[in-house]
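Single-structure report; data block below.
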Amino acid sequence: MKVLFAVSECVPFIKSGGLADVAGSLPKELKKLGTDVRVILPKYGLIPEEFRSEMKKVKEYNVQLGWRSQYCGIETLEYDGVTFYFVDNEYYFKRDSLYGHYDDGERFAFFNRAVLEFIAEIEFYPDVIHCHDWHTGMIPFLLRTEYYKRPGYGLIRSVFTIHNLQFQGVFPPVVLGDLLQVDSQYFNEEQLEFFGNTNFMKAALIAADHITTVSPTYKDEIQTDFYGEKLDGILRKRHEDLSGILNGIDHDLYDPEKYAGLAANFGVSTLERRVENKLQVQREFGLPENEDIPVVAMITRLTKQKGLDLVRGVFHEIMATGLQLVVLGTGDPEFEQFFRDMSAQYPEQCGVYIGFDENLAHQVYAGSDLFLMPSKFEPCGLSQMIAMRYGSIPVVRETGGLNDTVQPYNEFNGEGNGFSFANFNAHDMLFTIQRALSFYHKRENWLKLAKNAMETDYSWAQSAKQYNELYTDLISRSESHVF
Ligand code: ADP
Numbered sequence: 001m002k003v004l005f006a007v008s009e010c011v012p013f014i015k016s017g018g019l020a021d022v023a024g025s026l027p028k029e030l031k032k033l034g035t036d037v038r039v040i041l042p043k044y045g046l047i048p049e050e051f052r053s054e055m056k057k058v059k060e061y062n063v064q065l066g067w068r069s070q071y072c073g074i075e076t077l078e079y080d081g082v083t084f085y086f087v088d089n090e091y092y093f094k095r096d097s098l099y100g101h102y103d104d105g106e107r108f109a110f111f112n113r114a115v116l117e118f119i120a121e122i123e124f125y126p127d128v129i130h131c132h133d134w135h136t137g138m139i140p141f142l143l144r145t146e147y148y149k150r151p152g153y154g155l156i157r158s159v160f161t162i163h164n165l166q167f168q169g170v171f172p173p174v175v176l177g178d179l180l181q182v183d184s185q186y187f188n189e190e191q192l193e194f195f196g197n198t199n200f201m202k203a204a205l206i207a208a209d210h211i212t213t214v215s216p217t218y219k220d221e222i223q224t225d226f227y228g229e230k231l232d233g234i235l236r237k238r239h240e241d242l243s244g245i246l247n248g249i250d251h252d253l254y255d256p257e258k259y260a261g262l263a264a265n266f267g268v269s270t271l272e273r274r275v276e277n278k279l280q281v282q283r284e285f286g287l288p289e290n291e292d293i294p295v296v297a298m299i300t301r302l303t304k305q306k307g308l309d310l311v312r313g314v315f316h317e318i319m320a321t322g323l324q325l326v327v328l329g330t331g332d333p334e335f336e337q338f339f340r341d342m343s344a345q346y347p348e349q350c351g352v353y354i355g356f357d358e359n360l361a362h363q364v365y366a367g368s369d370l371f372l373m374p375s376k377f378e379p380c381g382l383s384q385m386i387a388m389r390y391g392s393i394p395v396v397r398e399t400g401g402l403n404d405t406v407q408p409y410n411e412f413n414g415e416g417n418g419f420s421f422a423n424f425n426a427h428d429m430l431f432t433i434q435r436a437l438s439f440y441h442k443r444e445n446w447l448k449l450a451k452n453a454m455e456t457d458y459s460w461a462q463s464a465k466q467y468n469e470l471y472t473d474l475i476s477r478s479e480s481h482v483f
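Residue numbers (full-length UniProt numbering): 1 to 483.
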């Protein structure tokens, strides 16, 4: 079975969030099951030189975008047994950030066409093209309306995975007509039109043979008005072709026993060594080194999605519990400033690092006692799984993947691996933090919790099998999805 992953970011080359973790770890697991998976992504200027210098050019062709004929180079490298292809066009991808440019519609229209052309250019005709998030949303649509007529394309099935429904790739209609040359008959409310604009995510939702999202709970949530981001109607319509497959984490990469950047490596049977990591985190964040004070961590994009309004709403009450809070994140300036202000106001209790730092993230997972993630919505969330693997106990809101991965602690039978609350309410969160802290000094409870968390299996094995079964099922169907 041959599968092509089309995705806009992928660990270890380039990452802005969990999408890159998934694209970097799932293919390896599918390979173990015997599937020939290859991955294609843009060759961003931000990809580190150590990888760029390893890439070999295998093809050059031009991609037609309306009247423009744009250069497209394909470069390749092998990493961890997986073949990666990079779409090279410096004008589009040599920028100082991945997204947020005035011409994102054109950049990703180019990428989508480049991927579809790549199939014939390289002569790698996959059984399934697996597209991820809006950046690849036009691929299933163009495949079904245009490319299927070409030799070799007719049998290709498409899977589209929603990693985050909030980001949809909404652009003026000109992107559809002038650039992608899509027939205007499709520009209607039932198909590609979205409140006068066009929407790459919507294109995928109507055209893909199958849609997945990254947790069972989120699959149900996105079919409701509250979580549906104005696409819940389509998702309800396609509920038979929609499934929720929980993400995993890369157990080789996130391994407290092996990761080289920690003050001390540790495992379930050597939990006492964790304290060295804790003291290091306190030191690095400029907080008093004291192993008795509980350290609560947040490693996150600083956006409203992550429930930062709740944290802001009861910040002084949180500080009154006496805990230390360490925050590693970047994002909305208002939240960056808020945390800077709070670390100035509470220098002994609140440590903040505004930035993106992979190594520091590992250290914080390994050195914190609690991991706070009160998200408003959370498609899957990887951070809480990484935290658990490192023995940091999650405190989460029961939404999306958080609901599917964190089982609330039950002090009577010792079951559970974290703490959770249901309503998006600051005082419910505060109460849950206080409840978690009440067990912190009961060493027996706490060790049991840490053990439960660390022993929960969040590897990819199970989910990779589900994806493989899905591909097999799609290939066996005689017809593609018709819309
Ligand atoms: P999302 O994809 O919504 O950002 P996830 O929890 O799925 O959230 O994944 C976030 C990933 O990004 C995790 O691997 C987390 O450790 C990492 N991460 C987030 N912010 C930072 C940061 N400032 N520095 C280092 N890693 C970060």
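For each residue, glycine too, the CB sits at the ideal point set by N, CA and C.
query = What does DSSP give as the partner residues of His362 in its beta bridges?
reply = DSSP, once it has assigned bridges, lists no residue as partnering His362.
request  = Please go through the stretch 171-259 and give each complete alpha helix (DSSP H) segment of 4 or more residues, from N-terminal end onward.
outcome  = 200-207, 216-221 and 232-237
ask   = Is Pro347 helix, strand or coil by DSSP?
value = coil
query = Taking Cβ positions, are Val352 and Val311 nearer each other than 8 Å?
reply = no
inquiry  = To the nearest angstrom, how far is the alpha carbon of Ala426 from that of Val314?
reply    = 6 Å
key: Any non-hydrogen atom of the ligand ADP closer than 7 Å to Ala361 Cβ   = yes
key: C-beta atoms of Ala23 and Val63 nearer than 8 Å   = no
Ile433 beta carbon less than 8 Å from that of Val406 = no
ask   = Does the stretch 337-351 come close enough to the stretch 362-370 to have 3 or more Cβ pairs within less than 8 Å?
value = no
ask   = Helix, strand or coil: which one does DSSP assign to Pro379?
value = coil
Nearest neighbour of Tyr440, chosen from Pro408, Glu479, Ser476 and Leu370 [CA to CA] = Leu370
Cβ separation of Leu116 and Leu143, assumed to be a contact under 8 Å, to the nearest whole Å = 7 Å
ask   = So is Ser25 buried or exposed if we call it buried at 16+ other beta carbons inside 10 Å?
value = buried
key: Nearest to Ser383 (by Cα), restricted to the options Lys94, Asn112, Phe412 and Asp21   = Asp21
query = Is Thr213 near the ligand ADP, in the sense that its beta carbon is under 7 Å from a heavy atom of that ligand?
reply = no
inquiry  = Quick check on the DSSP output: the alpha helix (DSSP H) that includes Ile318 runs from which residue to which?
reply    = Phe315 to Ala320
message = Excluding the 5 residues flanking Leu65 on each side, which residues of the same chain have their C-beta closer than 8 Å to its C-beta?
response = Glu106, Ala109, Phe110, Arg113, Leu179 and Leu180
ask   = For Gly331, which of helix, strand or coil comes out of DSSP?
value = strand
query = Is Arg301 helix, strand or coil when you go by DSSP?
reply = strand
query = First and last residue of the beta strand (DSSP E) that includes Thr432?
reply = Taken as a continuous stretch (DSSP letters only), Thr432 belongs to no beta strand (DSSP E), being part of the alpha helix (DSSP H) at Ala426 to Tyr440.
query = Thinking just about the alpha-carbon of each residue, which of Phe86, Asn277, Tyr71 and Tyr227 is nearest to the one in Leu77?
reply = Phe86
key: Counted within 10 angstroms of its Cβ, other Cβ atoms place Arg150 as buried (16 or more) or exposed   = exposed
ask   = Leaving out the 5 sequence neighbours to the left and right, which residues in its chain are closer than 8 Å to Ser375 when beta-carbon positions are compared?
value = Gln305, Lys306, Gly307, Gly381, Val396, Arg397, Thr399, Gly400 and Leu402
Buried or exposed (CB count within 10 angstroms, at least 16 for buried), Trp460 = buried
query = Less than 7 Å between the CB of residue 519 and some heavy atom of the ligand ADP, yes or no?
reply = The structure shown does not extend to residue 519, since the chain spans only 1 to 483, so no value can be given for it.
query = Quick one: Cα of Leu27 to Cα of Glu317, how far?
reply = The question names Leu, but residue 27 in the sequence shown is Pro. Their Cα atoms are separated by approximately 44 Å.
request  = Spell out a yes or no on whether the stretch 116-133 and the stretch 153-165 are touching, meaning 3 or more CB-CB pairs, one atom from each, closer than 8 Å.
outcome  = yes
ask   = Is Thr300 near the ligand ADP, judged by its Cβ being under 7 Å from some heavy atom?
value = yes
query = Does DSSP classify Arg150 as helix, strand or coil?
reply = coil
task = Pick helix, strand or coil for Lys306, following the three-state DSSP scheme.
result = helix
Three-state secondary structure (DSSP) of Ile293 = coil
Cross-strand partners of Pro408 (DSSP beta bridge) = Gly418
ask   = By the 10 Å Cβ neighbour count, where 16 or more other Cβ atoms means buried, how is Ser392 classified, buried or exposed?
value = buried
query = Would you say Val355 touches the ligand ADP, meaning its beta carbon is less than 7 Å from a heavy atom?
reply = Just to set this straight, residue 355 is Gly in the shown sequence, not Val. Result yes, Cβ under 7 Å from the ligand ADP.
Start and end residues, beta strand (DSSP E) containing Lys56 = Lys56 to Leu65
query = With respect to 7 Å, is the separation between the Cβ of Asn164 and the closest non-hydrogen atom of the ligand ADP below this value?
reply = yes
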